[in-house]
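Enquirer: The structure under discussion is supplied below as structure tokens; questions concerning it will follow.
2 protein chains.
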Amino acid sequence: MAITVVGSVAFDSIETPSGRKERCLGGAATYFSLAASFFTDVRVIAVVGEDFGPDEEAVFKARKIDTRGIEHTAGKSFFWEGSYLDNLNEAKTHITDLNVFATFEPKIPDAYRDSEFLFLANIDPVLQRRVREVLPLAKLVAGDTMNYWIKDHRPALLEVLKGLDVLLINDTEARMLTSNNNLVQAARGVLALGPRTLVVKHGEYGATAFFSNRSFSVTGGSPQSHPFRAPALPLEEVVDPTGAGDSFAGGFFGYLAAQRELTPAAFRRAMFYGSVMGSFAVERFGTERLQELTRHEIDARFIVFRELTHLD
Amino acid sequence: MAITVVGSVAFDSIETPSGRKERCLGGAATYFSLAASFFTDVRVIAVVGEDFGPDEEAVFKARKIDTRGIEHTAGKSFFWEGSYLDNLNEAKTHITDLNVFATFEPKIPDAYRDSEFLFLANIDPVLQRRVREVLPLAKLVAGDTMNYWIKDHRPALLEVLKGLDVLLINDTEARMLTSNNNLVQAARGVLALGPRTLVVKHGEYGATAFFSNRSFSVTGGSPQSHPFRAPALPLEEVVDPTGAGDSFAGGFFGYLAAQRELTPAAFRRAMFYGSVMGSFAVERFGTERLQELTRHEIDARFIVFRELTHLD
Numbered sequence: 001m002a003i004t005v006v007g008s009v010a011f012d013s014i015e016t017p018s019g020r021k022e023r024c025l026g027g028a029a030t031y032f033s034l035a036a037s038f039f040t041d042v043r044v045i046a047v048v049g050e051d052f053g054p055d056e057e058a059v060f061k062a063r064k065i066d067t068r069g070i071e072h073t074a075g076k077s078f079f080w081e082g083s084y085l086d087n088l089n090e091a092k093t094h095i096t097d098l099n100v101f102a103t104f105e106p107k108i109p110d111a112y113r114d115s116e117f118l119f120l121a122n123i124d125p126v127l128q129r130r131v132r133e134v135l136p137l138a139k140l141v142a143g144d145t146m147n148y149w150i151k152d153h154r155p156a157l158l159e160v161l162k163g164l165d166v167l168l169i170n171d172t173e174a175r176m177l178t179s180n181n182n183l184v185q186a187a188r189g190v191l192a193l194g195p196r197t198l199v200v201k202h203g204e205y206g207a208t209a210f211f212s213n214r215s216f217s218v219t220g221g222s223p224q225s226h227p228f229r230a231p232a233l234p235l236e237e238v239v240d241p242t243g244a245g246d247s248f249a250g251g252f253f254g255y256l257a258a259q260r261e262l263t264p265a266a267f268r269r270a271m272f273y274g275s276v277m278g279s280f281a282v283e284r285f286g287t288e289r290l291q292e293l294t295r296h297e298i299d300a301r302f303i304v305f306r307e308l309t310h311l312d
Numbered sequence: 313m314a315i316t317v318v319g320s321v322a323f324d325s326i327e328t329p330s331g332r333k334e335r336c337l338g339g340a341a342t343y344f345s346l347a348a349s350f351f352t353d354v355r356v357i358a359v360v361g362e363d364f365g366p367d368e369e370a371v372f373k374a375r376k377i378d379t380r381g382i383e384h385t386a387g388k389s390f391f392w393e394g395s396y397l398d399n400l401n402e403a404k405t406h407i408t409d410l411n412v413f414a415t416f417e418p419k420i421p422d423a424y425r426d427s428e429f430l431f432l433a434n435i436d437p438v439l440q441r442r443v444r445e446v447l448p449l450a451k452l453v454a455g456d457t458m459n460y461w462i463k464d465h466r467p468a469l470l471e472v473l474k475g476l477d478v479l480l481i482n483d484t485e486a487r488m489l490t491s492n493n494n495l496v497q498a499a500r501g502v503l504a505l506g507p508r509t510l511v512v513k514h515g516e517y518g519a520t521a522f523f524s525n526r527s528f529s530v531t532g533g534s535p536q537s538h539p540f541r542a543p544a545l546p547l548e549e550v551v552d553p554t555g556a557g558d559s560f561a562g563g564f565f566g567y568l569a570a571q572r573e574l575t576p577a578a579f580r581r582a583m584f585y586g587s588v589m590g591s592f593a594v595e596r597f598g599t600e601r602l603q604e605l606t607r608h609e610i611d612a613r614f615i616v617f618r619e620l621t622h623l624d
């Protein structure tokens with residue numbers, strides 16, 4: 001079933017120990033869409049400026065992503081410049097130019113209104129909530145956020161969390177959200193804020209899913225009681241970590257949206273596909289690797305992830 | 313088959329966010345022995361002072377550990393005082409009193425000489441090598457080390473590494489040993505120094521095994537080509553992380569020593585048992601939890617680890 005995603009479509013200038021690239025096509029919604037497009041139909045809601053031209057549009061079109069919800073407006077697209085020179089696990093931001101994103105008012109095409117899966121990528125929680133409200137048919141809603149919204153926009157964020165089926169955040173964000181350094185206690189604290197299921201991403205060490213007794217109730221599946229951990233792939237070279245988390249979310253949610261039934265087993269496989277997509281994303285700068293990927297490569301790597309973790 | 317372990321038997325005063333305990337029975341050889349004793353016979357080589365009395369002896373005896381290789385001498389046992397107040401992943405050392413350990417000359421009882429499994433816990437690599445040389449029948453030799461030996465005793469350490477079937481170290485140590493921050497590249501660098509197999513421990517994120525094409529050749533098993541990752545258990549409360557790595561090593565090596573054949577499948581299960589024993593060790597101060605543990609609890613937790621990671 002189709003996923004609608006709302007989030008940023010942006011240009012990123014990135015420096016890592018592997019080199020430097022100017023104005024890569026990026027943004028959370030871009031990474032998410034490309035990753036999810038290998039599993040199901042994807043519809044994007046975003047805003048771009050005049051610097052987003054046919055070449056950028058073609059990247060989405062090549063993956064059959066519905067771009068009718070990408071609004072084109074006067075001005076420049078969201079621009080981010082950052083580096084990972086000291087630490088591949090944490091970006092150092094040099095420039096954040098919101099540009100056309102500063103006044104973003106999501107407009108949802110009528111053709112999107114039957115979306116049963118909704119992903120609220122990392123944007124202002126006020127906008128996340130608004131999109132959620134105008135897509136009441138969405139039966140499974142997942143979302144992301146970041147330190148900035150946790151710290152300075154907490155009340156609005158808490159409203160969004162209440163309505164989420166799955167929240168995907170990293171270790172630091174889970175700790176910030178609950179002021180608790182223990183992963184299990186922090187996870188319980190986050191689940192108490194509303195999300196039915198929590199996925200905590202650990203960067204090069206994978207991701208852990210924690211379930212409340214309300215997990216999956218929305219879709220009639222039976223809840224899973226114990227946590228589940230997907231590994232990350234030990235990689236020779238992480239060329240560019242940008243977008244790894246959004247690519248995880250795309251693989252995870254894309255796989256879930258393609259299933260007939262949302263069983264605990266489907267959820268566990270979705271976690272693996274999330275890690276698989278994250279592992280590809282970091283192999284090249286920006287979204288380069290996701291653009292040229294094939295489903296065959298994805299399934300081959302899924303088997304590698306299985307061998308990495310399974311006893312038999 | 314029996315394992316001989318050489319290493320420290322010590323008293324530790326430990327402060328963590330959960331509290332403070334004075335003079336817990338500790339030391340790498342103690343944690344290792346207790347953990348391994350649930351799987352196979354264990355023989356210890358160490359030195360203790362007059363403060364090591366019948367109560368301490370009884371801890372080993374209760375687990376049927378052979379203590380004939382623990383030399384009693386005048387003076388005080390090795391004493392360590394440390395805390396984990398800011399960071400449960402890294403101890404802050406306040407006091408290290410080597411005491412009787414400063415002049416330790418390992419003496420190997422004749423009854424130990426048929427040991428086919430040898431574990432060289434974290435001590436001076438010169439002593440590790442000496443013990444290895446007087447136990448030539450050991451067909452599988454594993455070992456540990458730490459930043460101090462890597463930094464200031466590199467030539468002696470490199471001699472030990474050449475002869476190891478399995479080296480168990482943590483992320484920081486792997487990076488120090490190779491001056492490389494990428495886990496996969498660091499692992500290849502460590503394997504090039506001699507160990508046939510490398511296990512890198514990631515603390516709360518588990519451990520990853522890397523294999524060379526010489527892995528297991530010593531025992532005729534077929535080598536495993538791809539890495540294998542065992543998770544750690546997400547725990548509500550880490551009461552005291554001291555000895556987690558040594559307990560991992562004890563579970564891992566103890567399980568291996570109990571197998572008829574050292575197949576890749578046995579190795580993977582050994583990694584899980586290592587993580588299981590590490591997860592118990594941190595639940596109480598010092599070796600308290602290992603002392604009261606049962607094999608039934610161990611096997612029940614093994615199943616939890618399987619559920620945490622396996623798709624089906």
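In order, the protein sequence lines correspond to chains Y and B. Just so we're aligned: 96 in our numbering is position 96 of the first sequence, and the numbers increase by one with no gaps anywhere. Just so we're aligned: 314 in our numbering is position 2 of the second sequence, and the numbers increase by one with no gaps anywhere. Idealized CB from N, CA, C, for every residue including glycine.
Between residue 160 of chain Y and residue 174 of chain Y, how many whole angstroms is the CB-CB distance? I'm expecting something under 8 Å.
Expert: Locating residue 160 of chain Y in the first sequence gives position 160, counting from the first residue. Locating residue 174 of chain Y in the first sequence gives position 174, counting from the first residue. The Cβ separation is near 16 Å, so there is no contact.
Enquirer: Could you name the residues of the same chain whose beta carbon sits closer than 7 Å to that of residue 492 of chain B, not counting the 5 residues immediately before and after it, in chain order?
Expert: Locating residue 492 of chain B in the second sequence gives position 180, where the first residue counts as 1. So the list reads 498, 501, once near-sequence residues are dropped.
Enquirer: Indicate whether the contact test is met: 3 or more Cβ pairs, each with one atom in the segment 228-236 of chain Y and one in the segment 270-281 of chain Y, closer than 8 Å.
Expert: In short, these stretches touch, since the Cβ pair count reaches three.
Enquirer: Assign residue 323 of chain Y to one of three DSSP states: helix, strand, or coil.
Expert: Only positions 1 to 312 of chain Y appear in this structure, which leaves residue 323 of chain Y out of reach.
Enquirer: Residues of chain Y with a CB under 8 Å from the CB of residue 465 of chain B: which are they?
Expert: Here residue 465 of chain B refers to the residue found at position 153 when the second sequence is read from its first residue. What residue 465 of chain B touches in chain Y: nothing, since even the nearest Cβ is about 28 Å away.
Enquirer: Between which two residues does the beta strand (DSSP E) containing residue 72 of chain Y stretch?
Expert: If you number the first sequence from 1, residue 72 of chain Y lands on position 72. 66-72 is the extent of the beta strand (DSSP E) around residue 72 of chain Y.
Enquirer: Counting only runs of 4+ residues fully inside the segment 432-520 of chain B, write out the alpha helix (DSSP H) ranges in chain order.
Expert: 437-446, 459-464, 466-474, 483-490, 495-504, all fully within the segment 432-520 of chain B.
Enquirer: Pull the bridge partners of residue 337 of chain B from the DSSP assignment, please.
Expert: As a working note, residue 337 of chain B is residue 25 in the second sequence. B/323.
Enquirer: Cβ closer than 8 Å: which chain Y residues qualify as neighbours of residue 351 of chain B?
Expert: Here residue 351 of chain B corresponds to residue number 39 of the second sequence, with the count starting at 1. Those do not exist, as residue 351 of chain B stays about 17 Å from chain Y at its closest Cβ, beyond 8 Å.
Enquirer: Could you tell me which chain Y residues have their CB closer than 7 Å to the CB of residue 540 of chain B, listed as they occur along the chain?
Expert: Position 228 of the second sequence, counted from the start, is the residue given in the question as residue 540 of chain B. Correct list: 308.
Enquirer: Taking only the alpha-carbon atoms, compute the straight-line gap between residue 608 of chain B and residue 369 of chain B and give it to the nearest angstrom.
Expert: Here residue 608 of chain B is taken as the residue at index 296 of the second sequence, counted from 1. Here residue 369 of chain B is taken as the residue at index 57 of the second sequence, counted from 1. Spanning the two alpha carbons is a distance of roughly 25 Å.
Enquirer: Under 8 Å: do the segment 457-469 of chain B and the segment 345-361 of chain B share three or more Cβ pairs, one atom per stretch?
Expert: Output reads no: the segment 345-361 of chain B does not touch the segment 457-469 of chain B.
Enquirer: Should residue 10 of chain Y go down as buried or exposed, given a rule of 16 or more other Cβ atoms within 10 Å for buried?
Expert: Residue 10 of chain Y sits at position 10 when you count from the first residue of the first sequence. Classification of residue 10 of chain Y: buried, given that the 10 Å Cβ count is 16 or more.
Enquirer: Between the Cα of residue 236 of chain Y and the Cα atoms of B/522, B/424, B/597, which residue gives the shortest distance?
Expert: Locating residue 236 of chain Y in the first sequence gives position 236, counting from the first residue. The shortest C-alpha separation from residue 236 of chain Y is found at B/522.
Enquirer: Grab me the residues of residue 25 of chain Y's own chain with a C-beta within less than 7 Å of its C-beta, minus the 5 sequence neighbours each way, in chain order.
Expert: Your numbering for residue 25 of chain Y matches position 25 in the first sequence. For residue 25 of chain Y, where only same-chain residues beyond five positions count, the Cβ hits under 7 Å are 11, 56, 59, 286, 287.
Enquirer: Beta carbon of residue 459 of chain B, beta carbon of residue 557 of chain B: below 8 Å?
Expert: Here residue 459 of chain B corresponds to residue number 147 of the second sequence, with the count starting at 1. Here residue 557 of chain B corresponds to residue number 245 of the second sequence, with the count starting at 1. No; because the gap between Cβ atoms is not below 8 Å, this pair is not in contact.
Enquirer: Give the DSSP-derived three-state secondary structure of residue 361 of chain B in the structure shown.
Expert: One-based indexing of the second sequence puts residue 361 of chain B at position 49. Here residue 361 of chain B sits in coil by DSSP.
Enquirer: Give me the subset of the segment 544-575 of chain B whose CB atoms are less than 8 Å from a CB atom of chain Y, sorted by chain position.
Expert: Flagged, chain order: 546, 547, 548, 549, 550.
Enquirer: Under 8 Å between C-beta atoms, does residue 355 of chain Y make it to chain B?
Expert: There is no way to answer for residue 355 of chain Y, as the model of chain Y reaches only from 1 to 312.
Enquirer: Within the 8 Å Cβ cut-off, does residue 364 of chain B reach chain Y?
Expert: If you number the second sequence from 1, residue 364 of chain B lands on position 52. Cβ-Cβ to chain Y under 8 Å: no for residue 364 of chain B.
Enquirer: Which of helix, strand or coil does DSSP assign to residue 317 of chain B?
Expert: Counted from its first residue, the second sequence places residue 317 of chain B at position 5. Residue state, collapsed to three classes: strand.
Enquirer: Using a threshold of 8 Å, state whether the C-beta atoms of residue 602 of chain B and residue 396 of chain B are closer than that.
Expert: Residue 602 of chain B sits at position 290 when you count from the first residue of the second sequence. Residue 396 of chain B sits at position 84 when you count from the first residue of the second sequence. Their beta carbons are not under 8 Å apart, which means residue 602 of chain B does not touch residue 396 of chain B by this criterion.
Enquirer: Does the CB of residue 159 of chain Y have a neighbour CB from chain B at under 8 Å?
Expert: Here residue 159 of chain Y refers to the residue found at position 159 when the first sequence is read from its first residue. Output row for residue 159 of chain Y: interface = no.
Enquirer: At what residues does the beta strand (DSSP E) containing residue 95 of chain Y begin and finish?
Expert: As a first step, residue 95 of chain Y is located in the first sequence; it is residue number 95 there, counting from the start. Looking at the DSSP string, the run of the beta strand (DSSP E) that includes residue 95 of chain Y is 92-97.
Enquirer: Excluding five sequence neighbours on each side, which residues of the same chain lie with their C-beta closer than 6 Å to the C-beta of residue 474 of chain B?
Expert: Position 162 of the second sequence, counted from the start, is the residue given in the question as residue 474 of chain B. The answer, listed in chain order, is 506.
Enquirer: DSSP three-state label for residue 544 of chain B, please.
Expert: The residue labelled residue 544 of chain B in the question sits at position 232 within the second sequence. Here residue 544 of chain B sits in coil by DSSP.
Enquirer: Identify the continuous alpha helix (DSSP H) that holds residue 247 of chain Y and give its terminal residues.
Expert: Against the first sequence, residue 247 of chain Y aligns to sequence position 247. Here the alpha helix (DSSP H) through residue 247 of chain Y covers 244-257.
Enquirer: State whether the segment 301-309 of chain Y contacts the segment 254-265 of chain Y, with contact taken as three or more CB pairs (one from each stretch) at a distance under 8 Å.
Expert: Touching, no, given that fewer than three Cβ pairs across the two stretches are closer than 8 Å.
Enquirer: Scan the segment 193-206 of chain Y for residues whose Cβ lies nearer than 8 Å to a Cβ of chain B and list them as they occur along the chain.
Expert: Answer set for the segment 193-206 of chain Y: 202, 204, 205, 206.
Enquirer: Counting along the chain, where does the alpha helix (DSSP H) carrying residue 387 of chain B start and finish?
Expert: Position 75 of the second sequence, counted from the start, is the residue given in the question as residue 387 of chain B. That residue, residue 387 of chain B, is in no alpha helix (DSSP H); it is neither H nor E in DSSP.
Enquirer: Is residue 366 of chain B buried or exposed, if buried means 16 or more other CB atoms sit within 10 Å of its CB?
Expert: Translated into positions along the second sequence, residue 366 of chain B becomes position 54. The residue is exposed, with fewer than 16 neighbouring Cβ atoms inside 10 Å.
Enquirer: Name, please, each residue of chain B whose Cβ falls closer than 7 Å to the Cβ of residue 16 of chain Y.
Expert: Taking the first residue of the first sequence as position 1, residue 16 of chain Y is located at position 16. None at all; the shortest Cβ gap to chain B is about 12 Å.
Enquirer: Is there at least one Cβ from chain B nearer than 8 Å to residue 300 of chain Y's Cβ?
Expert: As a working mapping, residue 300 of chain Y is identified with position 300 in the first sequence. So, not an interface residue.
Enquirer: Below 9 Å on C-beta distance, what does residue 450 of chain B contact in chain Y?
Expert: Counting from one through the second sequence, the residue named residue 450 of chain B turns up at place 138. Neighbours of residue 450 of chain B on chain Y: none; closest Cβ ~27 Å, over 9 Å.
Enquirer: Let's see if you can read the secondary structure: which residues bound the alpha helix (DSSP H) around residue 321 of chain Y?
Expert: Because residue 321 of chain Y is not part of the residues shown, which for chain Y are 1 to 312, the question remains open.
Enquirer: Does the segment 401-410 of chain B come within contact of the segment 425-445 of chain B, defined as at least 3 CB pairs closer than 8 Å?
Expert: In short, these stretches do not touch, since the Cβ pair count stays below three.
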